[in-house]
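Take a look at the structure below.
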Amino acid sequence: MSENESSASSNFIRKIIAGDLQQNLNEGRVHTRFPPEPNGYLHIGHAKSICLNFGLAKEYDGLCNLRFDDTNPEKEETEFVESIKQDVHWLGFDWQDREYYASDYFEQLYQFAVELIKKDKAYVDSLNADEIREYRGTLTQPGKESPHRNRSVDENLLMFKDMRAGKIEEGECVLRAKIDMSSPNINMRDPIIYRVRKAAHHRTGDSWCIYPMYDFTHCLSDAIESITHSVCTLEFEDHRALYDWVIDNLETPSRPRQYEFARLNLDYTVLSKRKLIELVKDKYVSGWDDPRMLTIAGIRRRGYTPAAIRDFCDRIGVTKSDTRIDMSVLENSLREDLDKSAPRVMAVLKPLKVVIENYPEDSEEELDAANHPQKPEMGTRKVPFSRTIFIEQDDFMEDAPKKFFRLAPGKEVRLRYAYFITCQEVIKDEQTGEIKELRCSYDPATRGGNAPDGRKVKGTLHWVSEKHALKSEVRLYDRLYTEANPEEGGRDSKEFLNPASIEILKDARVEPFLQNAKAEDRFQFERLGYFVADKEDWSPQSPVFNRAVTLRDTWGKLNKK
RNA sequence: UGGGGUGUAGCCAAGCUGGUUAAGGCACGGGGUUUUGAUCCCCGGAUUCCCAGGUUCGAGUCCUGGCACCCCAGCCA
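Residue 166 in our numbering is what sits at position 158 of the first sequence, and the numbering runs on without skipping anything.
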């Protein structure tokens, strides 16, 4: 990670830590963890948590563990742990040898449960799922105690052992903490801490048929790993009482504390795991790494950089108010990063043929182009020029408004790094009226783009030589949804999928310099945006570029009005 | 009608124990530079901090009472 990245602004968690450090709590240690469940791919919301947790550890000279919260064998898969590890690394964070799994603690967790039973603070309940729900009460009515709540410690011990031994079927029994069925906090109404699941686990296989629940597992995993600050999202706020209850009622090796912050919401997308899984499973997108997805894998393939994502996470802040961030913040972080680093290059997305009539028929030449006009140290390259070139269709208008600086009949523009040309004639299809090509003249004295007589030209166009250009596929991406908040009001977000979220251009042309690009190389296509050689589909024989983000476009904005 | 949270410009977000002109970013508008209508550089915005009362010489910061929004009734995490 580069050192000059702006250090994140102050937030309430930093203040808590600073206060703890002042009181020398936890022997002055700061130890956090990032605890994903391996049941899907990581997304930009996880990036916020990753940056926070690893960032806190780094800032306070502490440690951050990677811990897989894998207590539900039915949803978790090895594929997901691999992708998660890859994504965290790609984002620029390292957990060194501290790669942990809640499933590694199953035996310890079991012993903790036994300890709770022995203290008469947990019991085996034989109510079925429906009954437990009924007994739980509602938001406004207290629950009722289970008839099995007062089983003896010995009986509970025996039954719990039977659960572990596989003698009890799924749904027959659960282990519950004995807390308070009338608590206004529903989490405290004798929460289930163990259930029977006769399912193979991605790591422990068939060695267990009972699995601990999140509320029991998470706090104890934190305690086992000596986590000092256990940072999670707001929906767990109500669970903190239970977190503390478990820790307080057991002899744990350490005393972690839970703090909650607001999860990330972004306009024009969804970030709930359920929704993302649905998009993938029902093939609304091409996969977890579809460039329209806000998964880490997706935005990576889209062309985002780890630095841009980290910068974004710094900018949005960490608070407890639930908010929606404007997409432009994310886009701006990428533009800012790529503006500094991406080599500039010319590409024509929707080609319009231009014949320069007074340019010698069989002649061609190479012009010098800067790889980054603001950074001479990035060098120059040669761009081939010839009598027939392509320009962007959008750069020509037959009836141009006054403010249109580009090419129009009789108008003169500059071809970047080449010559001034003037449009002499428009050739159209006689049937359809479609513009087929332009006949232009050039001024040989303007080679390189400057007129010796000092005459100015308003517009500069990018172009590509017909016979030298590489044919390329270019994929243009736009927001996945047409509504800023597609989930608002319990609506079905699928109704708002943007039908124009992807546009595939098969006839784009790029300058030959791009022949040597490699997958994931990023470029600025001048005047168009930042593009990346597709991670999966790029090859020198058939180049494929994805548009990561457009350039700011004040002309386009003006036009929309 | 229970509990837990949150409310500072269009969107985020600083604002320590109350004290001169309420940071900063994105977006937006205006101007300058420019062989990318990009970048870069200036300049602009809250008499006001959800509302209403109150305490105080003084409140976004304290008190009281409202209002709005979010989360919680999985043997998911």
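Even glycine gets a Cβ: it sits at the ideal position worked out from N, Cα and C.
- Close CB contacts of Ile435 within its chain, under the 6 Å cut and outside five residues either way in sequence, are with Lys444 and Glu445 (chain order).
- Judged by DSSP secondary structure, Pro392 falls within the beta strand (DSSP E) whose first and last residues are Thr388 to Ser394.
- Going by DSSP, Lys56 is part of the alpha helix (DSSP H) stretching over Ile52 to Glu67.
- Boundaries of the beta strand (DSSP E) harbouring Phe533: Arg530 to Phe533, taken from the DSSP string.
- Membership of Tyr109 in the beta strand (DSSP E) is indicated by the continuous run Glu107 to Tyr109.
- Proximity of the region 248-257 to the region 281-292 falls short of the contact definition, fewer than three beta-carbon pairs being nearer than 8 Å.
- Between the region 540-547 and the region 316-331, the count of C-beta pairs closer than 8 Å stays below three; the two stretches do not touch.
- Of the residues Gly213, Gln382, Tyr267 and Ile218, the one whose Cα lies closest to the Cα of Thr236 is Tyr267.
- In chain order, Ala55, Lys56 and Cys59 place their CB closer than 7 Å to the CB of Cys321, counting only its own chain and leaving out the 5 sequence neighbours on each side.
- Residue environment for Lys291: exposed (fewer than 16 other C-beta atoms within 10 angstroms of its C-beta).
- Counting C-beta pairs closer than 8 Å gives three or more between the region 417-433 and the region 369-378, which meets the contact rule.
- Among the bridge pairs identified by DSSP, Val540 is matched with Arg530 and Asn554.
- Beta-bridge pairing by DSSP links Asn73 to Arg41.
- Assigned with DSSP and collapsed to three states, Gln549 falls in coil, not helix or strand.
- Taking a C-beta distance under 8 Å as the contact criterion, Phe533 and Ala316 do not qualify as a contact pair.
- Between Asp230 and the set His51, Val132 and Asp112, the nearest pair of CA atoms involves Asp112.
- For the pair of segments examined, the region 363-373 was found not to touch the region 547-565: the number of CB pairs separated by less than 8 Å stays below three.
- For the pair of segments examined, the region 346-355 was found not to touch the region 80-92: the number of CB pairs separated by less than 8 Å stays below three.
- DSSP lists Asp133 and Arg203 as the bridge partner or partners of Val182.
- DSSP places Pro314 in the uninterrupted alpha helix (DSSP H) bounded by Pro314 to Ile324.
- If you keep only unbroken beta strand (DSSP E) runs of at least 3 residues inside the region 219-257, you get 237-241.
- Under DSSP, the beta-bridge partners assigned to Tyr485 are Ile510.
- Partner residues in a beta bridge of Cys217, as assigned by DSSP, do not exist.
- Burial state of Pro46 is buried, judged by a 10 Å Cβ sphere holding 16 or more other Cβ atoms.
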